[in-house]
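Read the structure below first, then the notes.
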Amino acid sequence: MNIIELANLNAFYGNKKVLNNINMKIKKNKITAIIGPSGCGKSTLLAVLNRMIEENGGSIEGKVIFNEKDILNYSKNELRRKVGIVFQKPSPFPLSIYGNLAYAPLYYGVKDKKLLNDIVENKLKISGLYEEVKDDFKMSALELSGGQQQRLCIARALTVEPDVLLMDEPCSALDVKNTTNIEDMLLNLLDDYTIIIVTHNLFQAKRISDYTVFILDGEVVEFGETEQIFNNPRDIRTKEYIEGMYG
Amino acid sequence: MSENIKELLFKIWIILSGATVLFLTLFIFGYIIRHGFQSINVEFIFGSPKGIPLGAEGGVLPAIMGSLFLTIVACIFASLLAISTSIYVVYYCMSKKIENIIHIIIQCMAGIPSIVLGLFGYTLLVVNLKLERSLLSAGITLGIMIFPFIQVRVEKAFRETSDTIIGSSYALGVSNSYTFFRLILHMCKFEIVSAITLAGGFAMGAAAPIILTGAVIFAPIPKSLLSPVMALPFHLYILIGEGVSLEKAYATALVLVLLLLIINITSIVLVFRKRGAN
């Protein structure tokens, strides 16, 4: 079942066309990896999906259907609650660990202390951070290590119960151990969430994704099952990229 | 000229500049302390002006309280206006042209001589709005004077807030106002309080804007916002201008300088706390 469908999608920053005629269907409860060289439009594609592109002064043409409804028919806030995003650079709020995780639920009206505690604990457990921080929820999130901060940001994105989690190179600043932790976590999330991950790490895309899309100069060159893309690419440009001819 | 001589002259210039500033500051403080300290006592701090002419004896409590009240009114008025303007310019204004116009207006306001602001306050608040010469009229006039000072600093603090963090908040689907009150204000609170505190010091030391709008010679401690008020800089001006008492004038100057020092140190401590927190 498709959760997101892109049809004839173009994206612009000012007069500059950044994405050109994107057509794609994202499967529910699967991991889709977006790969491609720097500046090809991968992050812009994520920004389109939860309309963060509008905050950066960009605009779109064409259709993006999410849960059978055009994203422009959702309010921005409603859409972003359903389509969460985790950025490349860990961005904990300068609040306590608890404050970070309670931030969005409090906005959505969760006032019951016990329910709030349950949400915080549950999401920390999902992100694999609970055992590391359970004795000090009041500690500033800024005191966590880079890997812990990124897992906290993922846990925070999950507190609003999104359907889709967008991830913009979430492991690019992390070491192998933290990368493995996050990859394991993502694989465990698939029962409840759909994940779209932008990555420069082709091995990571191969390891965790079910589908892969290769973007070049704002256009989709190839989209298919990860195994097919990596083992039997149909387009010569995909083959060259995967073989490291350019990047 | 060889590079070494240039380097030497540059060093001498820097050291001389630093030494001049240090000397002037210490000289002013030393001079005021030397001439004013002997008149400082409990009666001077907690008493009202007495003697003939009035002010030759007694104390400056009404002026101290008046200055504090004026500073509070000015800070409340200016900070509300400055924070709102900064929010609009940074988070809501989509037009670069409007943003530039606002910046030009603020720069012009910063350049208005304080006596002209006093005349403006007199015409608008005292005469037209019939607020009389009062704490409120003088406080608002001082508020207009320090508004650009606070606005520029608050806007800078907002602009330096990490875009990624704000983006992460928007990405959770929360509203702009929730992001502002729960996150941005929390992140910028030290800078905002520091800017307001420094501006308060600036307002406390100003005499020109309050002469026509609220200051009345030897007024008692104001009982309401519409009461006339006495302030330390105006008290100082009267003591010297009318030749009442040079000794008391130095003591008044010392009290004023000490209050400003406390305000500035508070501001510096806040900035260091922020750096420590980061």
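Heads up: the protein sequence lines correspond to chains E and Z, in order.
For the working numbering, count along the first sequence from 1 and bump the result up by 1.
For the working numbering, count along the second sequence from 1 and bump the result up by 393.
Every residue gets a Cβ at the ideal spot worked out from N, C-alpha and C, and that includes glycine.
Cross-strand partners of residue i (DSSP beta bridge)
i, result
"E/Phe13", "E/Lys18 and E/Ser60"
"E/Asn3", "E/Lys28"
"Z/Lys443", "Z/Glu450"
"Z/Phe564", "In the sequence as displayed, the identity of residue 564 of chain Z is Ala instead of Phe. Paired residues: none, contrary to the question."
"E/Ile23", "E/Leu10"
"E/Phe224", "E/Val214"
"E/Ser141", "E/Ser97"
Delimiting residues of the alpha helix (DSSP H) encompassing residue i
i, result
"E/Met168", "No alpha helix (DSSP H) holds E/Met168; the beta strand (DSSP E) holding it covers Val165 to Asp169."
"E/Tyr99", "Ile98 to Tyr108"
"Z/Ile505", "Run containing Z/Ile505: none; DSSP gives neither H nor E here."
"E/Glu184", "Val177 to Leu190"
"E/Glu228", "Thr227 to Asn232"
"Z/Pro541", "Leu528 to Arg552"
"Z/Thr606", "Where Z/Thr606 is concerned, there is no enclosing alpha helix (DSSP H), given that its DSSP letter is neither H nor E."
"Z/Thr572", "Asn569 to Thr572"
"E/Gly148", "Gly147 to Leu159"
"E/Ile243", "Ile237 to Ile243"
"Z/Tyr630", "Leu625 to Gly634"
Rounded C-alpha distance that separates residue i from residue j
i, j, result
"E/Asp113", "E/Glu226", "44 Å"
"Z/Asn548", "Z/Thr413", "Looking at the sequence shown, residue 548 of chain Z is not Asn but Glu. Cα to Cα, Z/Glu548 sits roughly 33 Å from Z/Thr413."
"Z/Val672", "Z/Gly536", "The requested residue 672 of chain Z is not part of the displayed model; chain Z covers only 394 to 671."
"E/Leu130", "E/Arg152", "7 Å"
"E/Thr239", "Z/Val545", "51 Å"
"Z/Ala601", "Z/Cys581", "32 Å"
"Z/Gln500", "Z/Ser660", "23 Å"
"Z/Met502", "Z/Ile603", "17 Å"
"Z/Arg666", "Z/Lys443", "43 Å"
"Z/Thr572", "Z/Leu510", "36 Å"
"E/Thr33", "Z/Ser568", "29 Å"
"Z/Phe462", "Z/Ile539", "15 Å"
"Z/Glu640", "Z/Ile407", "37 Å"
"Z/Ser664", "Z/Ile655", "Reading off the sequence shown, one finds Val at residue 664 of chain Z, where the question assumed Ser. One C-alpha to the other measures close to 14 Å."
"E/Ile23", "E/Asp176", "33 Å"
"E/Asn202", "E/Ser173", "8 Å"
"Z/Leu517", "Z/Ala624", "21 Å"
"E/Tyr1", "Z/Pro541", "The structure shown does not extend to residue 1 of chain E, since chain E spans only 2 to 248, so no value can be given for it."
"Z/Ile469", "Z/Ile426", "32 Å"
"Z/Arg526", "Z/Ile610", "12 Å"
"Z/Ala456", "Z/Tyr515", "21 Å"
"Z/Ile559", "Z/Ala550", "14 Å"
"Z/Lys490", "Z/His496", "10 Å"
"E/Lys70", "E/Ile4", "10 Å"
"E/Val111", "E/Leu117", "7 Å"
"Z/Lys523", "Z/Ser530", "9 Å"
"E/Leu96", "Z/Tyr484", "22 Å"
Delimiting residues of the beta strand (DSSP E) encompassing residue i
i, result
"E/Ile36", "Ile32 to Ile36"
"Z/Glu584", "Taken as a continuous stretch (DSSP letters only), Z/Glu584 belongs to no beta strand (DSSP E), being part of the alpha helix (DSSP H) at Leu578 to Met597."
"E/Leu217", "Tyr212 to Leu217"
"E/Ile196", "Thr195 to Val199"
"E/Val87", "Val84 to Val87"
Within chain E, the residues that residue i reaches when beta carbons sit closer than 7 Å
i, result
"Z/Tyr571", "Tyr108"
"Z/Ala564", "Asn51, Met53, Arg81, Gly85 and Ile86"
"Z/Leu649", "The contacting residues do not exist; Z/Leu649 stays about 37 Å from chain E at best."
"Z/Leu576", "Phe94"
Chain E contact residues for residue i, given Cβ-Cβ distances below 9 Å
i, result
"Z/His496", "Near Z/His496 there are no residues of chain E at all, since even the closest Cβ is about 20 Å away, more than 9 Å."
"Z/Met623", "Here the premise fails: no neighbours, minimum Cβ distance about 43 Å."
"Z/Met580", "Phe94 and Pro95"
Closer than 8 Å at the beta carbon, the chain Z residues around residue i
i, result
"E/Asn78", "Gly566, Val567 and Ser568"
"E/Tyr194", "What E/Tyr194 touches in chain Z: nothing, since even the nearest Cβ is about 15 Å away."
"E/Glu56", "Gly560 and Tyr563"
"E/Val221", "Ordered by position in chain Z, no residue passes the 8 Å Cβ test against E/Val221, which lies about 24 Å from the chain."
"E/Val161", "Leu565 and Gly566"
8 Å contact criterion, which residue i and residue j should meet: CB distance rounded
i, j, result
"E/Lys29", "E/Thr195", "5 Å"
"E/Glu170", "E/Thr213", "Contact doesn't hold; Cβ gap of about 15 Å is too wide."
"E/Arg81", "E/Asn123", "With 8 Å as the limit, E/Arg81 and E/Asn123 do not qualify as a contact, their Cβ atoms being about 21 Å apart."
"Z/Ile585", "Z/Ile658", "So it is not a contact: roughly 18 Å between Cβ atoms."
"E/Phe94", "E/Gly85", "Wrong, their Cβ atoms sit about 15 Å apart, outside the cutoff."
"Z/Val637", "Z/Pro446", "5 Å"
"Z/Gly448", "Z/Leu632", "6 Å"
"E/Leu125", "E/Ala105", "That pair is no contact at about 14 Å."
Under 7 Å from the C-beta of residue i: neighbouring residues of chain Z
i, result
"E/Lys90", "Thr557"
"E/Ala105", "Leu565 and Val567"
"E/Val121", "Correct list: empty, because the minimum Cβ distance to chain Z is about 15 Å."
Cross-chain neighbours of residue i in chain Z, by beta carbon under 9 Å
i, result
"E/Cys154", "Ser561"
Contact with chain A by residue i, beta-carbon distance below 9 Å
i, result
"Z/Met487", "Absent from the structure: chain A. Protein chains present are E and Z."
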